Structures are given as structure tokens and as C-alpha cells.
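This note's numbering puts the first residue of the sequence shown at 9, with every later residue one more than the last.
Notes to accompany the following structure.
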Amino acid sequence: MKHKSKPKGSVVAALDIGSSKIACFIARIVDDEGNFEVLGVGHQASQGIKAGSVTDLNAAEGAIRQTVHAAENMAAEAMKGYPLREVVINVPGVHARSHNFTVDVDISGQDVTDNDVRRALAKAQGNAVSGDFELIHTIPNTYTIDGNNGIREPRGMFGDVLEVDIHLVTGDTSALRNIATCIERSHLDIGALCEAGYAAGLASLVEDEMDLGCTVIDMGGGVTSIAVFYGGALVYCDAIPVGGQHVTSDIARGLSTSLSDAERLKVLYGSAVASSADENELIDVPQIGEDQQSHPNHAPRSLLVGIIQPRLEEILELARAKLNDSGAGQFAGRRVILTGGASQLPGLRDLGQMVLDKQVRLGRPIRIDGLAESVNGPAFATTAGLLTYVSERSDEMPAAIVAQVEPGNMFERVKFWMRDNW
Ligand SMILES: Nc1ncnc2c1ncn2[C@@H]1O[C@H](COP(=O)(O)OP(=O)(O)OP(=O)(O)O)[C@@H](O)[C@H]1O
Ligand SMILES: [Mg+2]
Numbered sequence: 009m010k011h012k013s014k015p016k017g018s019v020v021a022a023l024d025i026g027s028s029k030i031a032c033f034i035a036r037i038v039d040d041e042g043n044f045e046v047l048g049v050g051h052q053a054s055q056g057i058k059a060g061s062v063t064d065l066n067a068a069e070g071a072i073r074q075t076v077h078a079a080e081n082m083a084a085e086a087m088k089g090y091p092l093r094e095v096v097i098n099v100p101g102v103h104a105r106s107h108n109f110t111v112d113v114d115i116s117g118q119d120v121t122d123n124d125v126r127r128a129l130a131k132a133q134g135n136a137v138s139g140d141f142e143l144i145h146t147i148p149n150t151y152t153i154d155g156n157n158g159i160r161e162p163r164g165m166f167g168d169v170l171e172v173d174i175h176l177v178t179g180d181t182s183a184l185r186n187i188a189t190c191i192e193r194s195h196l197d198i199g200a201l202c203e204a205g206y207a208a209g210l211a212s213l214v215e216d217e218m219d220l221g222c223t224v225i226d227m228g229g230g231v232t233s234i235a236v237f238y239g240g241a242l243v244y245c246d247a248i249p250v251g252g253q254h255v256t257s258d259i260a261r262g263l264s265t266s267l268s269d270a271e272r273l274k275v276l277y278g279s280a281v282a283s284s285a286d287e288n289e290l291i292d293v294p295q296i297g298e299d300q301q302s303h304p305n306h307a308p309r310s311l312l313v314g315i316i317q318p319r320l321e322e323i324l325e326l327a328r329a330k331l332n333d334s335g336a337g338q339f340a341g342r343r344v345i346l347t348g349g350a351s352q353l354p355g356l357r358d359l360g361q362m363v364l365d366k367q368v369r370l371g372r373p374i375r376i377d378g379l380a381e382s383v384n385g386p387a388f389a390t391t392a393g394l395l396t397y398v399s400e401r402s403d404e405m406p407a408a409i410v411a412q413v414e415p416g417n418m419f420e421r422v423k424f425w426m427r428d429n430w
């Protein structure tokens with residue numbers, strides 16, 4: 009299905025609250041193909057966030073505020089001094105869940121219209137309402153008309169009963185509420201929410217991959233998010249509460265070094281696969297609490313790689329198990345796209361290929377122009393994808409669907425779900 013995008017020239021803003029970094033992109037839509045030009049960027053190390061959850065409201069709020077200010081300042085001229093009001097935010101994969109529903113609506117021998125599809129989506133949403141979960145995405149997957157299944161685009165076709173297979177993504181209310189509190193305190197509104205792995209895919213996949221089926225694995229600092237695309241749509245998402253920070257703490261523990269030295273060693277010398285040269289190469293490992301000058305310590309690089317590899321293998325194996333157990337693997341095709349900061353370890357592609365038995369490539373944002381080198385890598389796929397989501401996929405936003413099916417229900421009232429609920 010072709011999604012309707014926001015008009016050319018619209019300005020949109022994304023706020024990606026990660027376990028390792030917080031990033032804000034403000035961008036302008038430059039064409040009808042869903043491409044952006046960046047106007048402002050802010051990013052800094054996360055504070056008060058652990059494995060996708062807020063652990064310190066004040067610290068998280070402060071970091072969010074600073075990040076947004078930096079992006080606003082950079083975009084000030086283009087925004088003519090207007091402050092940013094609304095952002096689209098990520099829902100960490102660990103707080104999201106996939107649900108599949110099939111619902112039917114009566115079309116009484118008429119042709120299927122946009123509104124019939126929306127009625128079906130609204131019906132599924134009605135069935136799924138619960139206090140513990142918030143609806144994040146309502147995504148139609150395939151359609152059946154009078155028993156003929158596998159229809160991708162039903163609009164214009166005739167029949168009596170339209171059935172829609174719908175993928176609903178819900179988010180954990182209490183986790184989202186904490187994130188929302190930080191954002192409200194920063195005087196921002198949440199315009200939309202998007203699951204992190206979904207966003208990473210929207211930023212980094214080419215259309216054929218989304219159509220034919222593929223899996224995105226976004227390895228962040230504290231969370232590894234999995235998103236399966238098929239038929240141009242998200243058909244499954246899940247997550248594992250493990251990421252690059254776990255690799256770093258394994259190194260710190262294994263080599264008796266500080267977390268900051270472990271992080272540095274990982275980035276400088278780390279690898280996901282061993283090579284024969286590793287045995288002979290010695291690296292300098294500062295010992296925790298020791299003076300480096302008087303107690304120099306050297307370790308073979310193979311020791312470092314031997315710590316990194318099993319943890320990455322574990323993450324990939326857990327991802328494989330999720331795909332198999334959920335049945336989503338059958339849609340996922342042969343391709344895997346790795347994003348997230350932790351995907352940058354050399355050799356991860358090969359390791360992924362081995363563990364997942366699929367073709368693996370590294371992904372990064374491909375739809376946004378003018379990003380500096382430091383913010384156009386795989387760690388920023390989710391951030392960039394939030395922009396694509398808000399500009400192109402309003403037809404998957406639960407509140408927008410309700411508002412269109414019940415025009416009496418004022419959009420403003422339902423637009424921002426938190427205002428209604430809390
Ligand atoms: N060059 C590099 N090589 C290996 N790992 C790296 C590199 N650069 C960053 N990382 C790792 O990437 C991780 C951060 O990734 P990312 O910025 O995608 O996380 P996040 O979005 O903040 O967190 P999450 O999505 O898990 O909440 C850190 O664990 C960091 O160690
Ligand atoms: Mg992330």
C-alpha cells in the first residue's frame with residue numbers, strides 16, 4: 009500500500025531516548041519520496057536511562073532538555089525562532105509487544121474504500137484496549153474478501169465481507185508514562201510513538217527488502233530490538249534486554265579494567281570473530297585501581313575477542329530463537345540488516361551470517377541528507393527512522409485512525425493519548 013506522506017516543506021522532529029545516547033533530529037521533508045534535509049541535530053550520552061527504562065527522572069529530563077536545545081539552536085534560523093513543540097519518540101523494543109488480530113467488516117456488495125479499512129482497524133483497536141498497555145501501531149497486513157485471501161490492496165475490490173489481518177503493537181503503560189513525564193517536563197508534546205526496531209528499519213531498508221521480507225536487528229547499548237518486515241509492513245517486533253553495554257561490562261570484569269577503559273578497548277581493538285593474528289598482538293590493559301606507570305599490564309588481543317564473541321553470539325542466538333518461536337521467521341526472508349551502535353564491531357556481519365544462517369548487511373540511515381559523519385552511522389538509524397514514521401505512516405497511528413472513523417471525535421482530543429488517559 010502506498011502511504012500518504014506529509015507535504016513537502018513540513019518540519020518534523022525526532023527524539024530517540026536510548027540507553028547509551030539521547031539524540032534529536034529536526035528535519036524538513038524535501039520531496040515526495042520521503043527524503044529529508046536535516047535542520048538541527050543534538051546528541052549526548054544518556055543519563056537516567058537503563059535498558060530502555062527511566063531510572064532517574066530528573067537526570068533523564070535534564071539530558072533530554074539539553075539534547076533538544078542543541079538541535080533547536082542549530083535549526084533556529086530555519087525554524088524562524090519558533091520553539092519546537094512536538095516530537096516523535098521511540099518506544100524501546102523491550103517495552104513493546106506484537107499482537108495479531110483478524111477482524112471483519114461488512115461491505116454489503118460495495119467496493120472497499122479507505123474508510124472500510126479504517127473501520128476494521130478501529131474495530132481491532134477496540135478489542136485490544138487494556139489498562140496495562142497502550143496502543144502504538146495499528147498495521148494492516150493482508151486482506152481477505154469473501155474468502156479470497158492474500159490480498160495486498162483491497163481498495164476498489166467488490167465483496168460482502170472484508171477481513172483484515174492486523175498487527176497491533178502495544179507499549180507498556182508504566183514505562184511509557186515515565187518517558188512521557190520527562191518529555192512533558194521539557195515542555196514538549198509527543199506527536200507520535202514508534203517502536204525502536206521498526207524505526208531503525210524505516211530508516212535503513214530499501215523498498216525491496218521491506219516488500220520481500222527481512223529482519224532488522226538493532227543492537228543498541230542496553231536493548232537489541234528485532235523487527236520483521238514483509239509486504240512493505242511491519243509484521244513482528246520483539247527485543248532482548250541485552251546490548252553493547254553488556255559486552256563492555258563483560259570486558260571490564262574479564263580484564264579487571266574500568267568500564268571506560270573496557271569501552272575504549274572494545275572500540276579500538278574489539279572484534280566479533282577471532283583471527284590468527286590476535287594471539288600475538290598485545291594490548292595495553294590498565295588495571296582497575298592500579299597506577300599504569302608502575303604496573304603496566306599487557307594481554308593478548310585474543311583474550312579480548314574471546315570475551316566479546318560469546319556475548320554477541322548469545323544476543324544473536326536469542327534473536328534467532330525469538331524469530332523461530334514466534335513464527336515470524338517464515339516471513340523474514342533471507343536477509344538481515346544490522347543497525348545500532350553495537351553493530352559496528354568488526355566481524356559482526358560474519359558472526360551474524362553464521363549464527364542466523366542468513367545474508368547479513370550493515371544498515372544506516374539512507375533517507376536523510378546533510379547529516380554530519382558523526383551522526384549518520386548505524387547508532388542513529390532509530391532516530392532517523394522516527395522522522396520517516398511521523399511523516400509517512402500516520403495511517404498506522406491508533407489515535408489518527410479513531411479520529412478518522414469517528415469524525416465527531418475531535419482529533420485534538422484523541423491525538424495525544426496521554427492526555428486522555430492520565
Ligand atoms: N565503534 C564501535 N564499535 C563497537 N561498539 C560501539 C562502537 N560505537 C558505539 N558502540 C556501542 O554501541 C552501543 C550504543 O549503541 P546505540 O547508540 O545504538 O544505543 P542506544 O540507542 O543509546 O541504546 P538502546 O537502543 O539500547 O536503548 C554502546 O554499547 C557502545 O559501546
Ligand atoms: Mg537505540
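Note that CB positions come from ideal geometry on N, CA and C, so glycine has one too.
Treat the numbers as computed from the prediction; the structure is a model and nothing was measured.
Contact between residue 69 and residue 193 is confirmed by a C-beta separation of about 5 Å, below the 8 Å threshold. Here DSSP, grouped into helix, strand and coil, assigns residue 393 to helix. Remark: the shortest separation between the CB of residue 380 and any heavy atom of ligand 1 does not fall under 7 Å. Between the beta-carbon of residue 295 and that of residue 256 there is about 17 Å, and that puts the pair past the 8 Å contact cut. With a 10 Å radius around the Cβ and a threshold of 16 neighbouring Cβ atoms, residue 137 comes out exposed. Look at residue 87 here: in three-state DSSP terms it is coil, with no helix or strand label. Taking the Cα of residue 13 as reference, the smallest distance to any Cα among 104, 20, 40 is reached at 40.
For the pair residue 122 and residue 129, the Cα-to-Cα distance works out to about 11 Å.
About 3 Å separates the CB atoms of residue 207 and residue 393; that is less than 8 Å, so the two are in contact. For residue 195, the three-state secondary structure derived from DSSP is coil.
DSSP places residue 275 in the helix class (H, G or I) of the three-state scheme. Taking each of 116, 31, 133, 20 in turn and checking the Cα distance to residue 387, the smallest one comes out for 31.
Rounded to whole angstroms, the Cβ separation of residue 76 and residue 395 is 15 Å, and the two are not in contact under 8 Å. Linking residue 219 to residue 152 through their CA atoms gives a straight-line distance of about 19 Å.
Nearest Cα to residue 22 within the set 15, 48, 38: 48. Between the C-alpha atoms of residue 253 and residue 100 there is a straight-line separation of about 15 Å. DSSP places residue 257 in the uninterrupted alpha helix (DSSP H) bounded by 252-263.
Remark: the C-beta of residue 24 is in contact range of ligand 2, defined as less than 7 Å to any heavy atom. For residue 356, the enclosing alpha helix (DSSP H) begins and ends at 356-364. Annotation for residue 63: 56, 57 place their beta carbon closer than 8 Å to its own, counting only its chain and skipping 5 residues before and after.
With a beta-carbon spacing of about 7 Å, residue 43 and residue 377 fall inside the 8 Å limit used to define contacts.
Under the three-pair Cβ rule at 8 Å, the region 353-372 does not count as touching the region 399-412. Segment contact: the region 330-347 against the region 212-226, three or more CB-CB distances shorter than 8 Å; contact assigned. Annotation: the region 203-233 contains the following complete segments of the beta strand (DSSP E) (minimum length 3 residues), in chain order: 222-227. It is roughly 17 Å from the alpha-carbon of residue 117 to the alpha-carbon of residue 161.
CA-CA distance, residue 278 to residue 410, rounds to 49 Å.
Assigned with DSSP and collapsed to three states, residue 154 falls in coil, not helix or strand. Contact check between the region 363-373 and the region 336-343: three or more CB pairs, one atom from each, fall below 8 Å, which counts as touching. In this structure, the C-beta of residue 228 approaches ligand 2 to less than 7 Å from one of its heavy atoms. Under the 8 Å Cβ criterion, the region 162-171 does not count as touching the region 203-217, having fewer than three qualifying pairs. Out of 320, 412, 354, 84, the CA that lies nearest to the CA of residue 35 is found in 84. Remark: the shortest separation between the CB of residue 390 and any heavy atom of ligand 2 falls under 7 Å. Not one heavy atom of ligand 2 is found less than 7 Å from the C-beta of residue 337.
In its chain, beyond the 5 residues on either side, 194 have a beta carbon closer than 7 Å to the beta carbon of residue 73. The beta carbon of residue 251 sits closer than 7 Å to at least one heavy atom of ligand 1.
Residue 256 has its CB nearer than 7 Å to a heavy atom of ligand 1.
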